[in-house]
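Below is one structure; the comments refer to it alone.
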Amino acid sequence: MSAQSFRFEPNATPVADAERAKQLIDPGFGRIFTDHMAVIRFSDSQGWHDAHIAARQPVPIDPASSVLHYAQEIFEGMKAYRLADGGTALFRPEQNARRFQDSARRLAMPELPETLFLESVERLVDADRDWIPAGPDGALYLRPFMFASEVFLGVKPAAEYLYMVIASSVGAYWKGGAKPVSIWVSQHYTRAAAGGTGAAKCGGNYAASLLAQKEAIAQGCDQVVFLDAVERRWVEELGGMNVFLVFADGTLQTPALTGTILPGITRDSLLTLARDLGLTVREEPYAIDQWRADAKSGRLVEAFACGTAAVVTPIGRVAAPEGSFTIGDGASGPVTRRLHEALVAIQRGAAPDPHGWLRRIG
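Residue numbers (the numbering used here): 762 to 1123.
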């Protein structure tokens, strides 16, 4: 099928303008949803078909649907922004489309063509652009996802899938703005192992991280950081964000992508921006004991986590059973702020876009 075969079925009872305006005053994150959703079906016999934009509504699901038993499910996270000139744009959606294909391949699911992925998110944003909140942190968070919908019990790739995109009006991820977070070094749990699904954006990876995150909160920390599954030594990533380290000599380092770390699009963007700014960046392994030593010696002066939802989040303190340590003065550092500001300026059309990352809609 072609992207042009999308049909539009407008919501017959959309949220009234006054009510929508009220909801957008303080939308928070991930709780306010728009009027429509995108839907495409797949079956082995028909391929991709029935592409449409429809009213957002509950999805009927049979209790024997494959996803409920064998977890064939993947998703993406991306944002649409209102630009400084009043237009609307997506940020690097082609990268989301390709990562979605990579995740599908790893979970033995059909690969949605890039053109259909882009058409689905663009049409949904076009239908619901009035849901983008005003203000410096306002955006439309898009959640493309796909799951096995075939009704059967048996361990094999499903023959039918449902792909959908929903949209949520969001403000700042952290209430009150980004502040340095504290992180707990997980001792008993790992996020992924070589040959596993660490590089795929699938729900199971996040479900497996929740117990460690719960433990971090019990230890008085905001987030958890995982170490590698073999030596329990090498820093990998947080439950949902990649990690960067900034050294006193002005260089940056982030763990290399080895198949156990999600290849974040924000991560890749920051690597490019850092190099544009003349900074030296290394993608190399980094040990937890080195992190502690570098923080104590002053060699390490900043650290931050990054991802689509929170963008850039400073890391102020790292805790473990053997004690905690503070990075720099525990506050957001100048390099962290500079990279954050540079990225957000491009995303919102307030700065030149030398790499062509913005994809305008309409």
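C-beta atoms are modelled at their ideal positions from N, C-alpha and C, and glycine is treated no differently.
Just to check my reading of the structure: residue i and residue j have Cβ atoms closer than 8 Å, yes? What is that Cβ distance to the nearest angstrom?
i	j	result
Ala920	Asp805	4 Å
Gly1091	Arg1109	Incorrect: roughly 29 Å between the Cβ atoms, too far for contact.
Ile978	Asn857	The pair is not a contact, with the Cβ atoms about 29 Å apart (cut-off 8 Å).
Thr1074	Ala1066	5 Å
Thr1021	Ala954	6 Å
Ala900	Ala845	Incorrect: roughly 14 Å between the Cβ atoms, too far for contact.
Ile1122	Ala850	6 Å
Leu1006	Ala1064	5 Å
Gly838	Thr1069	5 Å
Ser929	Arg952	Actually they do not touch by this definition, with Cβ atoms about 25 Å apart.
Val931	Pro905	In fact, because the Cβ distance is near 16 Å, the residues do not count as touching under 8 Å.
Ala1149	Val1062	Not covered by the structure: residue 1149. The range shown for the chain is 762 to 1123.
Arg734	Lys962	This structure leaves residue 734 out entirely; the chain is present only between 762 and 1123.
Gln818	Leu868	With 8 Å as the limit, Gln818 and Leu868 do not qualify as a contact, their Cβ atoms being about 26 Å apart.
Val828	Ser910	7 Å
Leu873	Gln862	7 Å
Asp898	Arg781	With 8 Å as the limit, Asp898 and Arg781 do not qualify as a contact, their Cβ atoms being about 18 Å apart.
Where DSSP assigns a beta bridge to residue i, which residues make up the other side?
i	result
Ala815	Met798
Leu903	Met839 and Ala928
His810	Arg802
Val912	Ser826
Tyr922	Phe803 and Ala909
Go ahead and pull the three-state DSSP assignment for residue i.
i	result
Ser1124	In the structure as shown, the chain begins at 762 and stops at 1123. Residue 1124 is therefore absent and cannot be evaluated.
Glu837	coil
Tyr934	coil
Ile1107	helix
Tyr831	helix
Glu780	helix
Phe790	coil
Ala825	coil
Trp1052	helix
Trp1118	coil
Glu770	coil
Thr849	strand
Val942	strand
Arg952	coil
Val1042	strand
Leu877	helix
Leu885	helix
Glu855	helix
Ala865	helix
Asp898	coil
With a threshold of 6 Å on Cβ separation, who are the neighbours of residue i within its own chain once the five nearest residues in sequence on each side are excluded?
i	result
Ala888	His797 and Ile814
Gln784	Ile793
Met907	Ile835, Tyr922 and Tyr924
Trp945	Ala977, Gln980, Cys982, Val985 and Ala1080
Gly1000	Ser970, Gln974 and Val985
Glu883	Ile1122
For residue i, I'd like the list of residues in its chain whose CB is within less than 7 Å of its CB, leaving aside the five on either flank, ordered along the chain.
i	result
Val912	Asp823, Ala825 and Ser826
Ser766	Ala812
Lys1057	Phe1086
Pro871	Phe803, Ala865 and Tyr922
Quick one: what's got a C-beta closer than 8 Å to residue i's C-beta in the same chain, skipping five residues either side?
i	result
Ser947	Ala973, Glu976, Ala977, Val985, Val986, Phe987 and Leu988
Leu1156	Any question about residue 1156 goes unanswered here, given that the chain covers just 762 to 1123.
Ala1106	Ala1112
Trp995	Leu988, Asp989, Pro1016, Pro1046, Tyr1047, Ala1048 and Ile1049
Val886	Ala841, Thr849, Leu851, Leu901, Leu903, Ala928 and Ile1122
Leu1031	Phe1005, Cys1067, Val1073, Leu1100 and Leu1104
Asn966	Arg952, Ala953, Thr958, Gly959 and Leu1023
Sequence ranges, beta strand (DSSP E) only - wholly within the segment 1057-1104, length at least 3: 1061-1068, 1072-1081 and 1084-1087
Quick one: which unbroken alpha helix (DSSP H) runs of 4-plus residues sit fully inside the segment 960-1037? Chain order, please. 964-979 and 1026-1037
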